[in-house]
Each structure stands twice: as structure tokens, then as C-alpha cells.
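Asker: Mind having a look at this structure? Questions to follow.
Protein chains: 4
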Amino acid sequence: MMSAREATPGTTLDQEPLFEVAQLAHVELFTPKPDATLHFFKELLGMEESEREGQSVYLRAYEDFYHHSLKVTEAPKAGLGHVAWRTTSPQALQRRVAAIESRGLGVGWSEGDRGHGPAYRFATPGGHPMELLWEVDYYEAPPEMQSPLLNRPQKRPVRGVPVRRLDHINLMTDEVTPTREFMQEQLGFRVRENILFEGGKVEFATWLSVSPLVHEIAFMRDATGCRGRLHHVCYWYGIPQHLADAAEIFAENGIAIEAGPGKHGIAQALFMYVFEPGGNRIELFGDSGYLIFDPAWKPVTWQEESLKAGAVFYGGGLPAEFFTYGTPQVGGSL
Amino acid sequence: MMSAREATPGTTLDQEPLFEVAQLAHVELFTPKPDATLHFFKELLGMEESEREGQSVYLRAYEDFYHHSLKVTEAPKAGLGHVAWRTTSPQALQRRVAAIESRGLGVGWSEGDRGHGPAYRFATPGGHPMELLWEVDYYEAPPEMQSPLLNRPQKRPVRGVPVRRLDHINLMTDEVTPTREFMQEQLGFRVRENILFEGGKVEFATWLSVSPLVHEIAFMRDATGCRGRLHHVCYWYGIPQHLADAAEIFAENGIAIEAGPGKHGIAQALFMYVFEPGGNRIELFGDSGYLIFDPAWKPVTWQEESLKAGAVFYGGGLPAEFFTYGTPQVGGSL
Amino acid sequence: MMSAREATPGTTLDQEPLFEVAQLAHVELFTPKPDATLHFFKELLGMEESEREGQSVYLRAYEDFYHHSLKVTEAPKAGLGHVAWRTTSPQALQRRVAAIESRGLGVGWSEGDRGHGPAYRFATPGGHPMELLWEVDYYEAPPEMQSPLLNRPQKRPVRGVPVRRLDHINLMTDEVTPTREFMQEQLGFRVRENILFEGGKVEFATWLSVSPLVHEIAFMRDATGCRGRLHHVCYWYGIPQHLADAAEIFAENGIAIEAGPGKHGIAQALFMYVFEPGGNRIELFGDSGYLIFDPAWKPVTWQEESLKAGAVFYGGGLPAEFFTYGTPQVGGSL
Amino acid sequence: MMSAREATPGTTLDQEPLFEVAQLAHVELFTPKPDATLHFFKELLGMEESEREGQSVYLRAYEDFYHHSLKVTEAPKAGLGHVAWRTTSPQALQRRVAAIESRGLGVGWSEGDRGHGPAYRFATPGGHPMELLWEVDYYEAPPEMQSPLLNRPQKRPVRGVPVRRLDHINLMTDEVTPTREFMQEQLGFRVRENILFEGGKVEFATWLSVSPLVHEIAFMRDATGCRGRLHHVCYWYGIPQHLADAAEIFAENGIAIEAGPGKHGIAQALFMYVFEPGGNRIELFGDSGYLIFDPAWKPVTWQEESLKAGAVFYGGGLPAEFFTYGTPQVGGSL
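Protein chains in written order, with this note's numbering: chain A, 1423 to 1756; chain B, 1423 to 1756; chain C, 1423 to 1756; chain D, 1423 to 1756.
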């Protein structure tokens, strides 16, 4: 039964992978219309409010385990407040902080926020505010909200078409490459898929993850030349039918559906994009796509000729502004 | 906006988690009825045959990236051939081999098999043959089977209700605890959920993973006192409707459905259990359940009083032999 | 291209089918726990309240077009108030009344009720109170509840897992045959499927309809020997996933699931049975099953040897009390 | 409990509805590429071949009860062969033939075809060949294809994503009104929905049925001014997920998806449109939409201002050629 191949186990990799960032912990969104934004997340997406403080409201999906996965903060314009990552250990947090500082991109420690402990702030080369943290507060449901499912932090809401957990974030910037390299080198993200134009000379977009998810974060080139803008935040259903259910209540309740439900070839993502009333684009993810367990994964590259299936495998196209609209808005788009 | 909590980042864990095993690479099943077993996997589950060699046939689901995820070997009795794990790097492979050898459970290196390179063989304390490996052969589709989805190794078959990838394995043994400890300590598995009886004194079952999946492997107590038996191998659909589709074709084509479609509270797994014609229990997984990204996850423990929802959250019960039937069969069960 | 068969169109049927009853218009349920019953229908099944009058509350599903499809009336015991059928024309109403009167089963005209005009009351041979009517009030949504779907009487609720319309009713009685014959002969129902035991001597259950639905009504033998009891009322989703969604919120909110989600072979019905807090059994129908357009349909008969697939094609079994429990309860069942 | 409304049952309708046509029995399609067309229907849609005769092949979906629901005939150009309707009784057949003859649109009796008896041929005012028939041959499965579901004429195929039954047909013509009136007056069809432009002056499209289905047939204005063209034939899944499954295999196997999966507001139809290799547009219907049981149904009218939701409620738009492409093709479209 033995094959003819040589039995020399142990060819080493030049560099072993880093396992230091564990997950996307939360995202802060700015909105100029906080009441309408909260109505969207709470009544239509069934999210729960954990706390209010100043101009911010903290929300979580019903299977998010921590205090919050979304911080909605009133601001003059829609856009990204910050992105927070949890490390795989407190030691990993220290090592990643040192690595970021060595690149000169660190901002410094905050004492924390509602729901989590000290966080180290930094910005990507593309201008996106982020933080790294270890200590988090877990959500504890009051007795009437406890589920017989001990692995579910609370009952499934009977309100809207409730999302289950924060999935990923997609950010825009003028040049994808330096930000992608930073995420790989300082934080250990792995490139899962990308869009390269002109024979690989132009890195248009990249999808990265620290887990078997195809992405916890993606970056795409901002055609307006802006840095630091938000393309979308994505929440996860895990059940394809729920995209159709959500589409129905969006179509009946004044929420603009930009695209979908449909399936991207990229990430095999069952998508739908809508605009929350504050103007931020929100993606709803219908299934789990495919998962990457291969530790030697080579990025899947979509180029001019394959991109049609990559952008939309089925389910209607993406409008032109999908590639230019971000928050905060610039010029007069949308 | 800063909280009053102390800003002392860096409380260290006593021991940082191991990230050395990446994934369940493949499983070998024994069957006394190879033709019928292959018909089940190929015609009803839509699996593809990669190669034949001696008494073995190598199969893969259409989104399995390697040469095979299932090796079906003719044998006098149904049961488990072996379980293979791929490490996160060749260096990790060397380290894990050293750790296993230090426990005295190693068997030694094989030169490899069809589809993979050298593999280190060992047995769990519970008597289950396993191997660790790094080098794998990737499946390459012939032109007519290539998908426009560049992240899909081949087109979705138009045969049966095709499964997408190998998901997990569930093994039985006389005592769960020593095997669970071995998986944690030597291989870095993390306990995600378990069933403890008598106030925690009896470890009845445990679900472990090295990834956000709730489990790549589970162990449950074998009421017959046997060691090393197989409870089931599980393939994944990711789409709940496909369990119903599969149930229809099983019910019409002589495949016994033992339980489901339904939902376990444990792992929030949308399950269905059937017996392939050779006698091995096969699970089909409908969705992705929930995923665990929390790096400090505490095991969810089901006890006598919560187990009803844990075993079946909805969808009909589990028959008594679910807890006693394994392969190879002993006595006269089923 | 012509076949050799004789071209003698016009072999006549002995009797042409009657098309005089159009639909199941509404059902009245008695409940000893009206508040809890209303909470079940309104908060978990997303039904809308149209009106209250005396001890009754009138409800409709969001795609029911008339004033109500369910009248919930407080009463000492759970059970059936009455069943109302709408005819295909006012002339048909007159003809059916005459036919019922000729059988001596008529009770007389009522002036009508909230939401409908004059109704002719009668009882089946099996003791079930029914009425026939023509005039109905249509539901008119207030502006904020109007849907852009002009064929949907109101927006889909964002509350619970909302049912779409009343589907059918299932009644128990001591002898099925006389009641089935009455429904066929006086009202034009057609037998679609039945369960016959002992070589056809015992008519255990029958499913009848006046439309392509497999049934708007079914009758089954009451093992207790009672007459006039309710087995269940069924509301329709039309989307299989919604049964799983409903199962989740039932399992988390104290609603007992008796059986399912699963699929009956009979009617190919994707079913789930639960008990509303007042004690009446409620079925939720996941898809549309199959539809019967054949005007010369011959009843499908399930007998002892085929009944296993008929009762449950997949998805767990039916408990013993499924065949004995009805409302009002007798003896100590459940 | 009595309402104040007068209890004068018996307001009569001027004209009682006709119940003389029961169902769409089968459709004949012309194709210039019979092999490729058959591959599409048999391998991708899982249809079964009943018989071959001359240049025709007879097919049925697995829940079609008769000999065939589709006759595929080789011809120089794609397009409609004919549409066949089954009446509710042999007497009704005679009465409808007399009515058609009185309008001068009859062609005469054929002796029948494979799978059915004598058929009366006629053409609509819009130029569509049709026939009316009563006698049909039922499909009888050989033992190995018999299902334990006694109400299913054969096992569900394990090939492609199998459709369940013929649903409806959509035809184009220069003027909708005369054809719609003919279908109502001579055959008893009821208008369920329509698109009227310019304040009702222009009848752009109409959906008609003889059953609770929103339509067995629709007519839309042909912008090219042609008469008698086919817009599409529709087969039914009844399960929304199956549209996504079919989309996957179409996208991987060279079948052009014109639009969808998505949901029309009109008919609440979960649609997908594709072109079979011969050039005919085929619709796949995902769920059952809504059903109309109201015997006094008033047509739902979509006008300029409501049509956006009518055309596509969610799921991507309809391309311009959706309104101009029909078979046989004229000019250079597509």
C-alpha cells in the first residue's frame, strides 16, 4: 500500500504561519441618523441592545457571545469608527503590539470601552482605525432570555429576520497592496482570494482571514482615490432562505437593496447588500460559503477573464456604484 | 469614553494554545460490501472516484481539495480503517510526532499512500488508528470538469444529492477521558462541548476541534465496553434543504435513515444519520451549525437535566441503538 | 402522428363533478386560555388581530384576504367552534343549502358574524358544526401596512415566524364513512387519499378537497369513540425552512412540538404539529405538497403495508397520542 | 353575535363561473438542436423520456402523472408546437368544442397522439395552436422506479436538479385583449393579474388560470408585432433552494441564465429564466407563489407606477430582451 514517493517527512516551511489574531471582535459604525439606523438593526435584523453610553449604542446579534459586535455612534457622516480584533492569547496581544510599533503604525493603548478591556490602537497603511484586544466581557442573558441551547448566548429573537453573528468587514483604500502586506506581516492574516488586473500588476481587491472563513476582512481599491473608507460590514445568517426573508421585509419597509440575493463566485458568498438608513452598506451572508482548512492554501486569483463568475456566479449583477460608493460619501455618489 | 477598568494589558495565559493540527484530512472505512458502499457514496452522495488500488477505492466530495477524503477498503467487517490529520506545517508535524512518541503511543512512519506523502501512525488511548501527515496531492480536474468557480476544485456533480466536503468523525471507546486528554495535550485539540453525568464524574462524550468548527472529532462512551469502534463519519452539505433532498432519495432507494433530519442542541448540528450498505453509520450535516472564534472558549457542558435539548433540539428523537451501535458490530445489535 | 386509437371523443361521465364549494373560509377554535392562545398566534405565528367582540378575537394570517380566518373564542374547554366554507357563487350556496336540507342535517341561517354575511349552519353526520356562506368582508390594510405587492393584503409582519394563510382542518369522529359521503355528495368534495384497513373494510382516515390542494379537510377515526372532535387546524408557510425557524422559537418559548418537522407520505405534507397553549393541536405546513389537477383523480389508498411511508416519509415518527388526542380532551389523555 | 347586516342570502351573480378546463396537460416545443435540448431536460432538469416517435421525444417531470407533459420536436426553428388542455369531464370537452366552433376558431379533431386520445385543435385569436382533450394515458412506473410514496408516479430521479411538474406557459402576441377574452369566454379562464398601461387603455400582459394557481397561462404584448410566439414554458420545483441548485449547475454547464433567481411581485413567483440549447426560454418556478381560492377574485392590476415591484420584488432586474425575445426568433435578437 506504500507509494513510491520518498519517505522524508520534514521539509520545512521557510516561515511557519502566525496564529495570533483570533477573530473580528467588533466594528464601530458612524451614522448621522442614529434612530433610523438602530431601528434597522434592532427591528429588521433582530439585534439586541446591550448598553448606551453618550452618543453610542452597543448591539449584538443573538449568537454573538460578547457584550457587543457593533457600536453605533452618532456622527455627522456615515462611515467606519474602528475595527477591533481579538488575539489568540494575551501573549499574542503583546507580540502583535510590538510588531505594529516596529512598523510605526501604532497609536497607543486605550483603557478599553464598554464590553472590553485595554485595546491597542493603530491604523492600517490604508488609513483604517483598528484596535487589538484580549479582555472581553461576555454577554449574560437574563433568565427569561436564556435558551435551552447552552451554546447559544440567548434565545433567538422573535423580531425581524434576526442575524446570528458578525461575519466580516470590507474596506476601501487608494492602494490595496501596502495594507494587505501589513495585515499579513504584522497580524498574520492569510490571503485567500484576490482580484488582480493587468497580468497581476494591479491588486484591485484582496480577501484575508485568520480562520477557515474566506475572509474576516477584505480590501478593495477606492476608485475615488480616498483612503480609509468603509465598503460594508457583514452579518451572518447561515441559512440561505433567510436572505429571501430579509429581502421581503426590506422591500416592504423602505430599505434599499443594492444587489442580491445572489452568489458571488469570490468566497462563494451568498450575498445581499442593503443600505442602512444612515447610509452605510450592510451585507447579509446567507450560508457559510466554503471554508478553508488547507494550511498551505494558495490564493485564488480572479483576473479580467474570470471575474464575471467571480463577481456574480448567479443572481443578478452588481451596479456600477458598488465599486465607488463607500462611507463617508465623497462627491455626489448615490 | 474610556472605562474605569485598569489598563494593564498583558495578563498572560499559563499556556498558549497549540496550532499544530490543521484539519481532518481523510478517513478510511472498511466495508464488507464494497460495491454497494461505493454505489451509496458515488450515486447517492455524488462523490467522485479518484483512484483504485488493490482492495481500496479513493473518493472525494466535490469541494474536497485533495486527492481523497475517503478511502473505502474491502474488509470482512465494517469499521474504521484509520483517521488522518494534516498539520499546520511540516515543522508542526515533527513536533507532534515527538510529542506522541513521548507518550509511547506511536507506531511509526509509513511511506504514504495514494494521494499523500509520509504519514506518522499512532493509536489513541482508546484504540483508534490515526496518522499525521503534511504532504498531500491536490486534485486537478480535467478540463470538462473544471468550474468557473476558481475556488471549487471541480464542477458540482449532477448525480445524487452531492456532499461538499468531509466534516468530522465520531468514535466510540470504553473510557473517553484518556483519549480526550491525549487529543488535547499531544495534538492541541480544544474541548468545545461535552456530556458529563453524575455531577461531572462520568465523561460520556466530548466534542473537540482545532478550528472554529465545533468538532472535527468526537468521542463517546461505548456502552458495550469495546475500544476503537466507529460511531460515524460525517459529510457536509452546508444547505439545510439538502438534508431533505437526501432523505427523499434515501427513503426511495433502500437506505435506512436512523434519525433526522433534525437539529442537535449539541453543536447546533442539523443532522441526519443513515447506514451505508456496508453497515457504517454516516452523518450528513445540513448547515454549518455555529462556529467558535472565541480563543478562550469554555466547554459547554450538557448534563442529565439539559441533555434532552442537547440530544435533539427539534426533529424527532434518537433511537436507543444510537448509543450502542458502532462498527465493527458486536453481539447482535441492529 | 395520429394514433390508432378510435377518435370518439365524448364518452360521458355518469355524473359530472360539482364545483360549488370554493374554499375553507375560516375556523373557530375554543380555548380555556385565551391570552396565551392569542400570544401564540400573534407573537409566534405573526398573525394579525382584526377585531374583538364579546369573548371572541378574530385573527388572520398576513396573506389571508378576508376579515379573518381564525376566530378564537374563550370557552371552558379547547375544541372546535365551527368550520366555515365559502361557495363558488351565491347560486351555489342556495343549491348546497337545499342539498343539505334534503339530508336533514341543516340547522338554519345565521345573520352572519363579524366579517361575513348570512351563513347556513349544519352539522356533519360525524357531529362537526359547519356553515356555508357567500358574502365576506375583505381586509383593507391601513396605509402603513400596505405592501408594494398588490396581491398581498398587507406587509409581511416582522414578528415571530409569520404564517401565510389558513390551509386545512382535520376532524375526528367515530365513523369516517358517513361523514365522508356527506362531504362528497352534498358539498362536492373529492376524495384524494385515504387509509383503509382490513382490505378496505375499515375506513380509518380520508383526505378531501374541492381544489388542487390534497385536502382542505380530513377526517380520521376517533379511537375514543367520540364524535365531533378536532384533531388539528393547519396554517401554511409554503417555505420549508420556516418550519425549522418556527421549531426553534417553539423550542425556546415553551411550545410543545408533538412531531416534526418531517414529511408525511400522505399528501406529501411537510408537517410540524404543536399544541397551542389552550390545548388545541396546530399544524404548520412547510411547502405546498403536491397539487392535484387531474379531473379524474383516483384516491390514493394507504393500507397496513404501505402506511409506514404514508405516515412519515422522513423526519421522526408520530407518537401514539397523535391518534387519540383531540379537543375537547376526553379521559386523561396528554 | 349576529351582525347588523341583512340576512338575505342569495344575491345571484349575473353569470356563474365555468369549470370546464381542468389543467394544462402538455406543451410541444420545437427545437433545431434536439440532442442538446434533450440533454438539458433530461440530464439537468432530471426529466424522464417516455417514448420516441418520428422527430419527437415525449418527456415528463417525475411528478407528472400522464404519459408526457412535454413533447420535443425537431424543427428548423425554436418555438411553440402546441398547447394542450384537459377538460374537467368529457361532457365539458364537448361543450367547449361547441363554444370554440361558434367563434369560428376551431381547426378540427385529431385522432390523438402518443399518450392521449382525440384532441380538438384550435388557435387563439393571437395565433397560438392549442388543443382540448379528455382521454389521457397515465404513466406507470416499472417496479424499480416505483416510489413508496403512492401519490408519486415514480421515484425522484438522482440526476440533475429534477423538476416536479409542468406549471404554466407564457405566450406573446400583437394584441393581448382578444386572446384574453377568448380564453375567458370560450374556455372559462379567470384573469388573476394584469399589466395595464396608460390608465388601462393598453393591456400589456395578463395572467389567467382555471385553478388556484395564479396562472396556467399568460399572454404578453409582442413588441415586434408578431403573433403566436412563445415567451416561455415553466416547470415547477416547489422548493426555493432548488432554484439556487439549478443555477449552480446551469452556470457550470453552459446554460445561459437570463434572469433570477429572484421574485416577481406579479404572481409572487420565485423565478429563474434560462435558455435551453434550442433557444426556447424556460422558466423554473421555485415555490408555489400564492394561491387564489377566492371565487370572486378581482384582477390585480399593475400600472406604470407599481410595476417595478411587480416585475422584480427582489433579486436583480429583467434585461430588456425579456420583453422582446421570443421563439421563433425574429430579426437578430439575442
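The beta-carbon is built from N, C-alpha and C at its ideal position, and this holds for glycine as well.
Taking the alpha-carbon of Ala1689/B as reference, which of Pro1721/B, Val1696/B, Ala1668/B, Asn1675/B has the nearest alpha-carbon?
Answerer: Sequence index remark: in the second sequence, residue 1689/B carries index 267 (1-based). That would be Pro1721/B, whose Cα lies nearest to the Cα of Ala1689/B.
Asker: Is it buried or exposed, Arg1602/B, if we count other Cβ atoms within 10 angstroms and call 16 or more buried?
Answerer: Taking the second sequence and counting its residues from 1, the one referred to as residue 1602/B is at position 180. Buried, by the Cβ-count rule.
Asker: Does Leu1740/D come within less than 8 Å of chain B when only Cβ atoms are used?
Answerer: For the purposes of this step, residue 1740/D is identified with residue 318 of the fourth sequence, where counting begins at 1. Answer no: the Cβ-Cβ gap between Leu1740/D and chain B never drops below 8 Å.
Asker: By Cβ distance, which residues of its chain are closer than 8 Å to Arg1574/D, with the 5 residues on each side in sequence left out?
Answerer: To locate residue 1574/D, count along the fourth sequence from 1; it is residue 152. Counting only Cβ-Cβ distances below 8 Å, and skipping sequence neighbours, we find Tyr1484, Glu1485.
Asker: Under DSSP, the alpha helix (DSSP H) around Pro1600/B begins and ends at which residues?
Answerer: Position 178 of the second sequence, counted from the first residue, corresponds to residue 1600/B. Here the alpha helix (DSSP H) through Pro1600/B covers 1598-1609.
Asker: Can you round the beta-carbon distance between Leu1740/A and Leu1652/A to whole angstroms, since I take them to be within the 8 Å contact cut?
Answerer: Against the first sequence, residue 1740/A aligns to sequence position 318. Against the first sequence, residue 1652/A aligns to sequence position 230. No, Leu1740/A and Leu1652/A are not in contact; Cβ-Cβ is about 17 Å, not under 8 Å.
Asker: Using a cut-off of 7 Å between C-beta atoms, extract the partners of Trp1724/B located in chain A.
Answerer: Your numbering for residue 1724/B matches position 302 in the second sequence. Chain A residues near Trp1724/B: Leu1572.
Asker: Compare the C-alpha of Trp1724/B against each of Gly1647/B, Ala1666/B, Ile1617/B and name the closest.
Answerer: The sequence position of residue 1724/B within the second sequence is 302, counting from 1. The residue with the shortest Cα to Cα distance from Trp1724/B is Ile1617/B.
Asker: So, at 6 Å on beta carbons, what are the nonlocal neighbours of Glu1698/B in its own chain, with the 5 sequence-adjacent residues on each side left out?
Answerer: On the second sequence, position 276 is the one that residue 1698/B refers to. So the qualifying residues of the chain are Thr1459, Phe1462, Ile1704.
Asker: Are the Cβ atoms of Gly1468/D and Pro1564/D separated by less than 8 Å?
Answerer: Taking the first residue of the fourth sequence as 1, we reach residue 1468/D at position 46. Taking the first residue of the fourth sequence as 1, we reach residue 1564/D at position 142. Between Gly1468/D and Pro1564/D, the C-beta gap is not smaller than 8 Å, which leaves the two residues out of contact.
Asker: Where are the beta strand (DSSP E) runs, 3 residues long or more, that stay fully inside the region 1498-1549 of chain A, in chain order?
Answerer: 1501-1509, 1528-1532, 1541-1545
Asker: Does any C-beta atom of chain A lie closer than 8 Å to the C-beta of Gly1622/C?
Answerer: Against the third sequence, residue 1622/C aligns to sequence position 200. No, its Cβ sits nowhere closer than 8 Å to a Cβ of chain A.
Asker: Which one or two residues does DSSP pair with Leu1554/D in a beta bridge?
Answerer: Looking up residue 1554/D in the fourth sequence gives position 132. Trp1507/D, Tyr1542/D, per the DSSP bridge assignment.
Asker: Between Pro1547/B, His1489/B, Pro1750/B, which lies nearest to Thr1646/B when the distance is taken from Cα to Cα?
Answerer: Within the second sequence, the letter at position 224 stands for residue 1646/B. Closest by alpha carbon: Pro1750/B.
Asker: Taking the beta carbon of Ala1742/C as the centre, do at least 16 other beta carbons fall within 10 Å, making it buried, or is it exposed?
Answerer: On the third sequence, residue 1742/C is found 320 positions in, with the first residue counted as 1. Counting the other CB atoms within 10 Å of its CB gives Ala1742/C a total below 16, which places it among the exposed residues.
Asker: Are the C-beta of Ala1767/D and some C-beta of chain C separated by less than 8 Å?
Answerer: Here chain D has residues from 1423 to 1756 only, and residue 1767/D is not among them.
Asker: Taking Phe1441/D as the query, report the chain A residues whose CB atoms sit under 8 Å from its CB, ordered along the chain.
Answerer: Locating residue 1441/D in the fourth sequence gives position 19, counting from the first residue. Simply none; closest approach about 34 Å.
Asker: Using three-state DSSP, classify Gly1682/A as helix, strand or coil.
Answerer: Translated into positions along the first sequence, residue 1682/A becomes position 260. Here Gly1682/A sits in strand by DSSP.
Asker: Which residue marks the beginning of the beta strand (DSSP E) containing Lys1730/C, and which one marks its end?
Answerer: As a first step, residue 1730/C is located in the third sequence; it is residue number 308 there, counting from the start. Counting along the chain, Lys1730/C falls outside any beta strand (DSSP E), though it belongs to the alpha helix (DSSP H) covering 1729-1733.
Asker: Please check if any C-beta of chain A sits within less than 8 Å of the C-beta of Glu1465/C.
Answerer: Here residue 1465/C corresponds to residue number 43 of the third sequence, with the count starting at 1. So, interface residue.
Asker: Interface residues of chain A around Lys1685/C at Cβ under 7 Å?
Answerer: Within the third sequence, the letter at position 263 stands for residue 1685/C. What Lys1685/C touches in chain A: nothing, since even the nearest Cβ is about 17 Å away.
Asker: Below 8 Å on the Cβ atoms is my contact criterion, and I expect Phe1735/D with Gly1687/D to pass it. Report the Cβ-Cβ distance as a whole number of Å.
Answerer: Translated into the one-based positions of the fourth sequence, residue 1735/D becomes position 313. Translated into the one-based positions of the fourth sequence, residue 1687/D becomes position 265. The pair is a contact, with the Cβ atoms about 4 Å apart (cut-off 8 Å).
Asker: For the ligand ADP, I want to know if Leu1466/A counts as a neighbour, meaning its beta carbon is within less than 7 Å of at least one of the ligand's heavy atoms.
Answerer: Absence of the ligand ADP from the depicted structure is noted, as is the absence of any ligand whatsoever, leaving it without description.
Asker: Residues of the region 1648-1677 of chain C in Cβ contact with chain B at a cutoff of 8 Å, in chain order, please.
Answerer: Pro1662, Gln1663, Ala1666, Ala1669, Glu1670, Phe1672, Ala1673
Asker: Under 7 Å, CB to CB, which of the residues in the region 1579-1595 of chain D have a partner in chain B?
Answerer: Val1580, Arg1581, Gly1582
Asker: Could you give the DSSP three-state label for Ile1714/B: helix, strand or coil?
Answerer: If you number the second sequence from 1, residue 1714/B lands on position 292. Residue state, collapsed to three classes: coil.
Asker: Compute the Euclidean distance between the alpha carbons of Glu1680/B and Val1696/B, then round it to the nearest angstrom.
Answerer: On the second sequence, residue 1680/B is found 258 positions in, with the first residue counted as 1. On the second sequence, residue 1696/B is found 274 positions in, with the first residue counted as 1. Distance between the alpha carbons of Glu1680/B and Val1696/B: 5 Å.
Asker: State yes or no: is the beta carbon of Glu1438/B nearer than 8 Å to at least one beta carbon in chain A?
Answerer: As a working note, residue 1438/B is residue 16 in the second sequence. For Glu1438/B, the answer is yes, since a Cβ of chain A falls inside 8 Å of its Cβ.
Asker: Rank Trp1556/D, Gly1622/D, Leu1466/D by C-alpha distance to the C-alpha of Gly1539/D and give the top, closest one.
Answerer: Within the fourth sequence, the letter at position 117 stands for residue 1539/D. Of the candidates Trp1556/D, Gly1622/D, Leu1466/D, the one whose C-alpha sits nearest the C-alpha of Gly1539/D is Trp1556/D.
Asker: Quick one: residues in its chain with C-beta nearer than 7 Å to the C-beta of Tyr1659/B, no 5 flanking neighbours on either side, listed in chain order?
Answerer: Locating residue 1659/B in the second sequence gives position 237, counting from the first residue. Once the five neighbours on either side are set aside, the close Cβ partners of Tyr1659/B are Val1585, Arg1586, Leu1665, Leu1706, Phe1707, Gly1708.
Asker: To test your reading of the DSSP string, which unbroken alpha helix (DSSP H) runs of 4 or more residues are found completely within the region 1457-1497 of chain C?
Answerer: none
Asker: Within 8 Å of any Cβ in chain C, is that where the Cβ of Gly1711/B sits?
Answerer: Sequence index remark: in the second sequence, residue 1711/B carries index 289 (1-based). No, Gly1711/B does not count as interfacial toward chain C.
Asker: Note down the Cα distance separating Leu1713/D from Val1580/C, rounded to an integer number of angstroms.
Answerer: In the fourth sequence, counting from the first residue as 1, residue 1713/D sits at position 291. In the third sequence, counting from the first residue as 1, residue 1580/C sits at position 158. Rounded to whole angstroms, Leu1713/D to Val1580/C spans 22 Å at the Cα level.
Asker: Less than 8 Å separating the beta-carbons of Glu1638/A and Gln1445/A?
Answerer: Numbered from its first residue, the first sequence carries residue 1638/A at position 216. Numbered from its first residue, the first sequence carries residue 1445/A at position 23. A contact, by the Cβ cut-off of 8 Å.
Asker: How long is the line joining the alpha carbons of Ala1447/A and Thr1495/B, rounded to whole angstroms?
Answerer: Mapped onto the first sequence, residue 1447/A falls at position 25. Mapped onto the second sequence, residue 1495/B falls at position 73. Answer to the nearest angstrom: the Cα atoms are 45 Å apart.
Asker: Classify Ala1506/D: buried if its beta carbon has 16 or more other beta carbons within 10 angstroms, exposed otherwise.
Answerer: Residue 1506/D sits at position 84 when you count from the first residue of the fourth sequence. Result: buried.
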